[in-house]
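Enquirer: What follows is a single structure, and I will ask about it in a moment.
Residue numbers (UniProt numbering): 1 to 230.
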């Protein structure tokens with residue numbers, strides 16, 4: 001069986017929220033509605049203030065992504081998204097690519113696990129030279145996005161559920177695998193593998209991670225050293 005490294009994107013490999021930066025880029029190119037982005041900013045703020053659960057937050061993000069691409073052709077969205085990825089490289093943490101290269105050298109299959117749109121995650125996967133990406137799927141009819149998300153947000157489809165399903169289908173040994181994330185939403189994923197790593201997290205999440213026996217990384221400079229010991 002293979003071993004895999006399941007890596008979150010936002011605030012783990014990427015310094016910020018990719019989907020927000022991507023939406024702003026789409027709007028800057030013209031033809032995409034700004035109303036959706038304004039709504040998403042508000043919901044993210046409310047999420048931070050009121051502690052909305054992971055599934056609700058994920059649903060809000062999916063609705064916002066669906067709203068901005070609704071009615072647009074894939075032939076329009078995909079090229080602009082690729083241009084965004086080429087311009088977004090400056091926002092990846094310095095350790096992102098070296099860590100992935102080290103993990104691949106050590107025999108890990110690199111899987112990005114994210115709430116980004118699947119096509120955006122695929123472009124990021126190629127840029128980072130990862131092996132696979134698990135993102136949000138959106139309905140396409142006759143080459144046009146309908147705006148409908150195809151994922152559900154029940155507990156079994158959390159990130160932990162997603163990687164378990166992926167592992168079953170791809171002959172992955174989770175006990176020999178690792179995961180890295182930054183938020184409370186990632187904790188179950190960290191718990192589902194042999195080694196879980198928490199980075200760039202708040203104090204409350206750090207305490208919860210320690211209770212799950214996940215390794216808390218307090219300094220970015222420690223990441224490559226810790227990965228080397230994996």
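The beta carbon of each residue, even a glycine, is placed where N, CA and C say it ideally should be.
(1) Hey, how far is the Cα of residue 141 from the Cα of residue 77?
(2) Taking only heavy atoms of the ligand COA into account, decide whether any of them is closer than 7 Å to the Cβ of residue 36.
(3) Could you tell me which whole alpha helix (DSSP H) segments of length 4 or greater appear in the segment 31-107?
(4) Below 8 Å between beta carbons: does that hold for residue 223 and residue 95?
(5) Mapping DSSP to helix, strand and coil, what is residue 14?
(6) Output the residue ranges of the beta strand (DSSP E) runs that lie fully inside the segment 152-219 and measure 3 residues or longer, sorted by chain position.
(7) DSSP on residue 121, reduced to helix/strand/coil?
(8) Would you check if the distance between the CB atom of residue 40 and the CB atom of residue 62 is smaller than 8 Å?
(9) Assuming residue 111 and residue 7 make a contact with CB atoms under 8 Å, what is their CB distance in whole Å?
Expert: Judging by the given coordinates:
(1) Looking at the two C-alpha atoms, the distance is approximately 14 Å.
(2) Ligands are entirely absent from the displayed structure, and the ligand COA is therefore not among its contents.
(3) 35-50, 54-69, 74-87, 96-105
(4) Yes.
(5) Residue 14: strand per DSSP, three-state reduction.
(6) 178-181, 195-199, 215-217
(7) In the structure shown, residue 121 sits in a helix (DSSP, three-state: H, G or I).
(8) no
(9) With 8 Å as the limit, residue 111 and residue 7 qualify as a contact, their Cβ atoms being about 7 Å apart.
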